[in-house]
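A.B. asks:
Numbering (the working numbering), first residue to last: 16 to 232.
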C-alpha cells in the first residue's frame with residue numbers, strides 16, 4: 016500500500032478510554048435500574064451520544080439526550096486528562112507517519128471538546144491536520160460512513176491511498192463503507208463480532224509497521 020494519509024478513531028484505538036467509559040456506563044445503568052449486561056455493552060461501543068441515547072431509551076423511554084450527555088460529559092475530564100493513556104504503539108506510529116510526511120486526522124464519535132482534551136494532554140497538535148466529530152458536526156454516527164467520507168475529502172487524497180484505523184465493529188463498518196483501506200484492531204473484551212471485512216486485522220498498533228503501510232513506497 017502507498018499510504019498518503021491516515022485516519023484514526025480515538026476511544027479504544029489511540030487511547031485506552033473504553034475501559035473507563037464502561038465504568039461510566041455501569042453507573043448510568045445503575046441509575047436507570049438496568050442490568051449492564053454484555054449485550055448492552057456491545058450496543059454502546061463506538062457510538063456517539065445521539066445513538067447512545069437511543070440505546071438507553073430502548074430500556075428507559077423517559078431518558079433524554081440532555082441527561083445522557085450530562086452524565087457522560089461530567090466524567091469526560093477525569094477520563095481524558097487523568098485516567099486514559101495512549102495505546103501501546105500509538106506514539107511510535109504517530110512519529111513514523113509524521114516523519115514520512117503523512118497527513119493524519121482523527122474521526123471520532125466523541126464530542127469535539129473531548130477530542131481536544133486528548134490532543135492537548137498528549138501534545139498531539141503537530142500530528143493531526145483535521146479533528147472530526149460525528150457528534151459536534153451533526154453527522155450520522157458510525158456505522159454510517161459520513162464522518163470518514165468528509166474526512167477523506169478534507170485530506171485531499173484518493174481513498175485508495177488512505178488508511179483508517181478502527182477498534183469498534185460499527186467503526187470498522189463505517190471505514191469499509193468509505194472505500195478506504197481499513198485496519199481493524201478489535202478489543203475482544205467487548206467486541207465479539209466478525210471483523211473479517213476489514214482489509215487487515217491486528218492485535219495492537221504495535222504491529223502497524225512501516226512494511227504494512229508503505230509496501231510500495
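Positions of the beta carbon are idealized from the N, C-alpha and C atoms, including for glycine.
Do residue 216 and residue 20 count as a contact pair if the criterion is CB distance below 7 Å?
C.D. replies: Their beta carbons are not under 7 Å apart, which means residue 20 does not touch residue 216 by this criterion.
A.B. asks: Within 10 angstroms of its Cβ, does residue 197 collect 16 or more other Cβ (buried), or is it exposed?
C.D. replies: Answer is buried; the Cβ neighbour count reaches 16.
A.B. asks: Buried or exposed for residue 116, please, with buried defined as at least 16 other CB atoms from any protein chain shown within 10 angstroms of its CB.
C.D. replies: It is exposed - the Cβ of residue 116 has fewer than 16 other Cβ atoms within 10 Å.
A.B. asks: My guess is that residue 28 and residue 180 are in contact by the Cβ rule of under 8 Å, so how many angstroms apart are they, rounded?
C.D. replies: Right, the Cβ-Cβ distance comes to about 6 Å (below 8 Å), so this counts as a contact.
A.B. asks: Nearest-angstrom Cα distance between residue 122 and residue 142?
C.D. replies: Cα to Cα, the separation comes out at about 14 Å.
A.B. asks: Span of the beta strand (DSSP E) holding residue 184?
C.D. replies: It is not in any beta strand (DSSP E) - residue 184 instead sits in the alpha helix (DSSP H) that spans 184-193.
A.B. asks: So if DSSP puts residue 130 in a beta bridge, which residue, or which two residues, is it bridged to?
C.D. replies: Paired residues: none, contrary to the question.
A.B. asks: Near residue 308, what residues of its chain come up, given a Cβ to Cβ distance below 6 Å and the 5 sequence neighbours on each side ignored?
C.D. replies: Coverage of the chain is limited to positions 16 through 232, which leaves residue 308 absent and any answer about it impossible.
A.B. asks: Would a C-beta distance cut-off of 7 Å place residue 102 and residue 31 closer than the cut-off?
C.D. replies: Contact flag set, yes.
A.B. asks: Given that a residue counts as buried once 16 or more other Cβ atoms are within 10 Å of its Cβ, and exposed if not, what is residue 182?
C.D. replies: Residue 182 comes out buried.
A.B. asks: Which residue marks the beginning of the alpha helix (DSSP H) containing residue 181, and which one marks its end?
C.D. replies: Segment 177-181 is the beta strand (DSSP E) holding residue 181; no alpha helix (DSSP H) there.
A.B. asks: If we call anything under 7 Å between Cβ atoms a contact, is residue 187 one with residue 213?
C.D. replies: Contact flag set, yes.
A.B. asks: Ends of the beta strand (DSSP E) at residue 146?
C.D. replies: It spans 145-148 - the beta strand (DSSP E) in which residue 146 sits, taken as one unbroken run.
A.B. asks: Mind reading off the beta-carbon distance from residue 63 to residue 124? Whole number of angstroms is fine, and I expect it under 8 Å.
C.D. replies: Indeed they touch by this definition, with Cβ atoms about 4 Å apart.
A.B. asks: What separation, rounded to the nearest whole angstrom, lies between the Cα atoms of residue 232 and residue 226?
C.D. replies: Residue placement at residue 232 is flagged as unreliable, the pLDDT there being 43, under the threshold of 50; the coordinate-derived value follows with that caveat. Whole-angstrom Cα-Cα distance: 9 Å.
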